[in-house]
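A.B. asks: So the sequence shown is residues -16 to -1, 1 to 726, counted in mature numbering (1 follows the signal peptide of the UniProt record, and there is no 0).
Each residue gets a CB set at the ideal place from its N, CA and C atoms; glycine is no exception.
Quick caveat, the model's predicted, so the values are computed rather than measured.
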Amino acid sequence: MKWVFVLAFHVETSSSQVFIARTHMATEAVNPATAVDGSQTGSSDKSLENSCLHEIVSPNGERVQELKDAGVVLTRVELEVAYLSEKLLNLEVFLMNLSAKGGAHDALTMEEGNNFYDGTGNDVFEFGLLCSFFDSETGVLHGYLDSLQTKISDACEKIPSCEHFRKDFIEMEEKLHDCQESLKKLKDQLFEMRMQSANLQRTSLAFLGREYCTDVKGYDLESCQFVNAELVMQTAEQKNNILRMLEKSLARELDLEKKLLNSKQGEEELNLKLHQAKLEKFSIEGELESLFERLFEAENADEVLTGTSNELVRLLQTVQFNHNVSVQREGETGSKLQNSLQNLKAAEESSLKDETYKKELGGAQEQVSTIKAKLEEAEKKYELVYSENFTLREWMQFLDKQLKESEIELQKKNNSWEESKVQQAILSTEVTEMKRVIEDLSENVSKAESKTSNLEAECRLLKETNLELRKELVLFEHDMGKVTLLEKQLKELNIQLQHAKASDEAGREQQEFLYSTIGDMENLIEDLKARVSKAETRYQMAEEKCSLLSQSNMELNDEAGFLRGRVECLEGSLHQADLAKVSTANDVNVRTKVIADLLLELANERQRLHKLISSLTHDKQVLVKRIKTNASGGIKSSKASEKEEKEVLVADLEGKMPKDEHAFNTKLGTPLCTEDARLGSFHTHTRTCFLSEDGVLGSSNIDTVRSIDIWQLKSKFFLIPTLVLLISIFALWTFHEERLPF
């Protein structure tokens, strides 16, 4: 069974070595770029770590890869530390078994005396082998600890060279320092274990010496009894050491249990915090969604307003362009009207005697005046529309500015609100952390108080035991062996008293330090509460400002709706004006067509009249020649015949007139009534001229009358069509250009 225990320990150590080898393989699989062959893993750990650190500080390597390599190094070191701690625990168990074995040997020696070593040579040999095995294992562990210490020191020396990544490697440095501290503790434990193994080797040598004493003949029994007393003393010290080790292991187990409980509590608190954070996140997301909806609505309203403002600007540009074109047309028409007025004045001066011509001119002037009035009304309408559009443009610009300012203020308030929320969350986290720290400190204070009370009780017990031991020393001075034991116990008790006093003083100092830290924490909590109150006031102010901004936004939306209605009304008025323009343009087109037809018919009539006048002049010349030839015969006798001939000529002239004169007059309508009156006056005038002539003197009168009639006919039949053409062209040009686009 004893060798089975040794084999189990070997199996356990080999399994731990397999575990650490697997961890090495896992770390190499995490970073395949720095992995090496399996046969070289044991010999090239230092080169691997140097290469990882070189990759961390290399300028061409990426930051993520560097952090991964650093994590690989840390995980390897931590796993090795865990392996060492596990192996030390196994060795502690092994040492406890060895000490128990040594205690059993001691008890047997005390009970059986000289008969113990008659057949137990194998047991002593096994005990010596186990002690030597324990020494070899502790030596291997000591070398491994030294190599790991060198690795950690090299890593700590290489990490500060990464100055540009200093912030990212602070945690890694802290972990390396923790590993160093744990290695120091492991070294201390290993040193204690080696001391205990040395004591066990001494006991084994003592057992061997006792066996030698029993085998050698002639050896004194008193010397053997002295050796047995020394062995009893050594076994008592070993028992005390074992008890101390057991107390330490129990304390470690209790600390581990406390750490587990604290970690569980921390996990629960973190879960609660996560739940609260999720709830706050959902609430913040809802508020953000509402804010985004408001912002989206404001952006849509802004886009709609900008679109309407752009449309209004385009309409204003079109109106301005049309206004400029109308102004240019007015100038041109004014110049043309001045020219026409000058022509009309000349025509009036030349045709004062012609009343019909004046009537026509009056009608034309009335038409021109009506056209001018329409143009003035159109100009007034355009000016009103332009002024309204200008005011609307200014108002839209003002509204755009207000909307931009309101959006900027909303963004600022949202940012300040978010910052206040973040600050509030940070403050709440700090308050919770401070509460935790205070709770931990209060727990530590209570623990320290309990420790101090326990230490005081132990001190009292130690004092009582010291008194009892002194009494026992007085009573048992004759026994030297007991005296030595009691002296040793007194020394141990004095050492324990000193340790208790030192721990008491340390507990008091720690208690004072904890009280000071509690006061500082209370001050910090008060400051944090003041900050939280300030943040809450800021949050309330931000909410009030947000409400005011929402109200102003609603007012702006109402004003925008009112302006939209006003714009729609203006668009309706513009549409009505366009319809009026179209109707007037249609009327003008109809009138221009009628005037063009009249002009064509007037031209045809003028040609016919020219032909008629030429034929009349020719007939008149023939008649004058006849009159001159017949003047020598007798004037009186030929008057009747001349009258008859003149009547015949007049009848011939009337017969030469067109038969469709009535249809022509009906076709022309009212505008040609003046022409019929003019033609009738012309016929009556010619008839009177022919009937009033007498003799040779009448020839000169006929010539003068002829010349005056021809001049009057020319002026009339040239001026009237020119005026009508000018008016019609002017009307067509103005109204057609108004209807044309850009």
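#1: Rounding to the nearest angstrom, what Cα-Cα distance links L451 and L227 in this structure?
#2: Express the C-alpha separation of V309 and E555 in angstroms, rounding to a whole number.
#3: Count the other CB atoms within 10 Å of the CB of C553; is the residue buried (16 or more) or exposed (fewer)?
#4: Measuring straight from C-alpha to C-alpha, what distance separates F714 and K577?
#5: Using a Cβ-Cβ cutoff of less than 8 Å, which residues in the same chain neighbour E476 once the five nearest sequence positions on both sides are dropped?
#6: Please classify F546: is it buried, with 16 or more other beta-carbons within 10 angstroms of its beta-carbon, or exposed?
#7: My output table needs one value for F714: the three-state DSSP class, helix, strand or coil.
#8: For E389 and N537, what's the separation of their Cα atoms in angstroms?
#9: Let me know the secondary structure DSSP gives A182 once reduced to three states.
#10: Can the beta-carbon of S181 be found closer than 8 Å to that of D119?
#11: Please check the pair residue 730 and E64, which I expect to be a contact at CB under 8 Å, by giving their CB distance rounded to whole angstroms.
#12: With 16 as the cutoff for other CB atoms within 10 Å, does R60 come out buried or exposed?
#13: Among the residues of its own chain, which have a CB less than 7 Å from the CB of K232, if the five just before and after it don't count?
#14: Could you say which of G250, M229 and L68 lies nearest to C163 if we only look at CA atoms?
#15: Taking K159 and L272 to be in contact with their CB atoms under 8 Å, please state how far apart those CB atoms are, rounded to whole angstroms.
#16: So what's A615 in DSSP terms, helix, strand or just coil?
#17: Restricting to Cα atoms, I'd like to know which of E402, E277 and Q173 is closest to K265.
#18: Out of curiosity, what's the CA-to-CA distance linking M505 and T413?
#19: Within a Cβ cutoff of 7 Å, which residues of the same chain sit near K85, ignoring the five residues on either side of it in sequence?
#20: How many angstroms separate the CA atom of T134 from the CA atom of L167?
#21: Quick one, which of I154, S137, L125 and E165 has its alpha-carbon nearest R178's?
#22: Please identify the residue among M229, A580, M156 and Q260 whose C-alpha is closest to the C-alpha of T83.
#23: Distance check for N255 and E241, CA to CA, integer angstroms please.
#24: Does the Cβ of G491 have 16 or more other Cβ atoms within 10 Å, making it buried, or fewer, making it exposed?
#25: Measure the C-alpha to C-alpha separation of H259 and E157 and round it to an integer number of angstroms.
#26: Rounded to a whole number of angstroms, what is the C-alpha to C-alpha distance between H602 and Q312?
#27: Please report the straight-line C-alpha distance between L607 and I597, rounded to a whole angstrom.
#28: In whole angstroms, what is the alpha-carbon distance linking K609 and A615?
#29: Counting pairs of Cβ atoms below 8 Å between the segment 519 to 528 and the segment 270 to 287, do you hit three or more?
#30: Among residues of its own chain, excluding the 5 on either side of L72, which ones have a beta-carbon nearer than 8 Å to its beta-carbon?
#31: Please identify the residue among L114, I154 and H161 whose C-alpha is closest to the C-alpha of S137.
C.D. replies: In short, the structure shows the following:
#1: 24 Å
#2: 21 Å
#3: exposed
#4: 13 Å
#5: N224
#6: exposed
#7: helix
#8: 11 Å
#9: helix
#10: yes
#11: Residue 730 falls outside the range modelled here, since the chain spans only -16 to 726, and no answer is possible.
#12: buried
#13: none
#14: L68
#15: Incorrect: roughly 38 Å between the Cβ atoms, too far for contact.
#16: coil
#17: E402
#18: 14 Å
#19: F111
#20: 11 Å
#21: L125
#22: It is Ser, not Thr, that sits at residue 83 in the sequence shown. Looking at the Cα atoms, M229 is the closest of the given residues.
#23: 21 Å
#24: buried
#25: 33 Å
#26: 52 Å
#27: 15 Å
#28: 10 Å
#29: no
#30: L125, L170, Q173, L174 and M177
#31: H161
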